[in-house]
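Have a look at the structure below, then the notes.
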Amino acid sequence: MKKIMIFGVPLLAFLVLVVFLFSGLFSDPRELDSQVKGKPMPAFSLPDLMKPETTYTPEVFKGKVTLLNVWGVWCVTCAVELPYLTELTEQEGISIVGLYFDQDLDPEFGTKTLNRVQQEVEEITSRFGNPYQFHIFDVYRDTALDLGVTGAPEHFLIDHNGVIRMHYIGDINERVWNNKVGPLYAQLQQEMAQENSAE
Numbered sequence: 001m002k003k004i005m006i007f008g009v010p011l012l013a014f015l016v017l018v019v020f021l022f023s024g025l026f027s028d029p030r031e032l033d034s035q036v037k038g039k040p041m042p043a044f045s046l047p048d049l050m051k052p053e054t055t056y057t058p059e060v061f062k063g064k065v066t067l068l069n070v071w072g073v074w075c076v077t078c079a080v081e082l083p084y085l086t087e088l089t090e091q092e093g094i095s096i097v098g099l100y101f102d103q104d105l106d107p108e109f110g111t112k113t114l115n116r117v118q119q120e121v122e123e124i125t126s127r128f129g130n131p132y133q134f135h136i137f138d139v140y141r142d143t144a145l146d147l148g149v150t151g152a153p154e155h156f157l158i159d160h161n162g163v164i165r166m167h168y169i170g171d172i173n174e175r176v177w178n179n180k181v182g183p184l185y186a187q188l189q190q191e192m193a194q195e196n197s198a199e
């Protein structure tokens, strides 16, 4: 019995560790099992970046399937994905909304006027493509924090009831769209159509 304990306990611990590491080997770190997945968009009341007199709340996501793209002009990868996201909106009619935040508006990083931020956004979207219906301006990054955002770009697929169904980290390219995000987008569109026809 003592021999079993001496060899059995370390062996069991080793096997548990192997299973844990093996499962991590095949998981995708870009697709988060986010705490907000399956929950409604967190409460917010934020301005439109380009038209600050317009205010958005989570109601803006009701009635359609939306891809919320967290981005900023300071993010190189965000610029890289703009052409493909623009292609998705122009060729497939995908609804994309930007959640924009700027590090330079934070006193810890420096100062920048709203007008300058708007100019930079116009410059980069005119150069690489503009897939956005509009930009929600997350001035103090409160909404990004509520969503569990760790950087940019990050994406949230939101269904027609305003519920977050996917949180994806990294750029969306053709491979990612076809294998991960696109199939769920199509499924959510189908769910919306079925719910609308049943009413």
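Here the UniProt record's numbering is used: the first residue of the sequence shown is 1, the next is one more, and so on. Don't be surprised by glycine CBs; every beta carbon is placed ideally from N, CA and C. The structure presented is a predicted model; accordingly, all values stated were derived computationally and were not measured.
Comparing alpha carbon positions, the residue from Leu145, Ser45, Leu49 closest to Thr57 is Ser45. Rounded to whole angstroms, the separation of the alpha carbons of Gly72 and Cys78 is 7 Å.
Within the DSSP bridge table, the entry for Glu154 names Val70, Ile169 as partners.
In its chain, beyond the 5 residues on either side, Pro58, Phe61, Ile158, Gly162, Ile164 have a beta carbon closer than 7 Å to the beta carbon of Met41. Between Asp171 and Pro153, the CB-CB gap stays under 8 Å. Ile124: member of the alpha helix (DSSP H) spanning 114–128, first to last residue. Relative to the Cα of Ser126, the nearest Cα in the group Leu49, Thr54, Pro83 belongs to Pro83.
If you draw a straight line from the Cα of Thr89 to the Cα of Leu67, it comes to about 10 Å.
DSSP links Tyr56 through a beta bridge to Leu46.
Inclusion of Tyr100 and Ile136 in the CB contact set at 8 Å is warranted, their separation being smaller than that value.
Per the coordinates, the alpha-carbon of Ile96 lies some 13 Å from the alpha-carbon of Val181. Judged by DSSP in its simplified three-state form, Lys51 adopts coil rather than helix or strand. Taking a contact as a CB-CB distance under 8 Å, the pair Leu188 and Pro131 does not count as one, their CB atoms being some 18 Å apart. Contact check for His155 against Gly63 fails: the beta carbons are separated by 8 Å or more.
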